[in-house]
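Residue numbers (our numbering): -19 to 135.
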């Protein structure tokens, strides 16, 4: 539970004043955000995993899925937990790249889309369906690396 609280707290911290124009998250969050809370200080620092990302085009109005994940997934000993970014009005996943990269550095697979209005959550649902299909597709970077029992959403 403590990790979930930290995630929620960091999500709020990342949208702090000082975010670059066109970005919902400061690119250098670790220097832009100040906190006195020990738990937030710990998770504000980058995690132990190097990160990688990819974009997957989709024909729907949200244009593409953006995924950040711990690098070296194929060699990982276990599947990774997933967080789905449910974008708010006018906020696309590309404007939260610093936050997505940060969460990936702590071992999460983070995905979102370029949907500017998530409304009923269809773009989030479809992005998760795509990732779960990639989890079953041989040759995918996500093949058998998605922990289907550890999926969350935030935004």
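Backbone N, C-alpha and C define an ideal beta-carbon position, used for all residues, glycine too.
Can you check DSSP and say which residues form a bridge with residue 33?
-> 48
Rounded to whole angstroms, what's the CA-CA distance from residue 1 to residue 19? Just pull it up for me.
-> Because residue 1 carries a pLDDT of 37, less than 50, the predicted location of this residue cannot be relied on, and the following value inherits that uncertainty. Answer to the nearest angstrom: the Cα atoms are 29 Å apart.
Among 81, 128, 65 and 94, the one whose alpha carbon lies nearest that of residue 50 | 81
Reference residue 98, options 133, 31 and 16, closest by Cα | 133
Would the region 77 to 93 and the region 20 to 40 be scored as touching if the rule is three or more Cβ pairs under 8 Å?
-> yes
Beta bridge counterpart(s) of residue 134 as assigned by DSSP = 65
Which value, in whole angstroms, describes the spacing of the CA atoms of residue 101 and residue 66?
-> 7 Å
Quick one, are the C-beta atoms of residue 45 and residue 92 less than 9 Å apart?
-> yes
Using the rule of at least 16 other Cβ atoms within 10 Å of the residue's Cβ for burial, across every protein chain shown, is residue 94 buried or exposed?
-> buried
Anticipated Cβ contact below 8 Å, residue 60 with residue 126, distance rounded = 7 Å
Less than 9 Å separating the beta-carbons of residue 42 and residue 96?
-> yes
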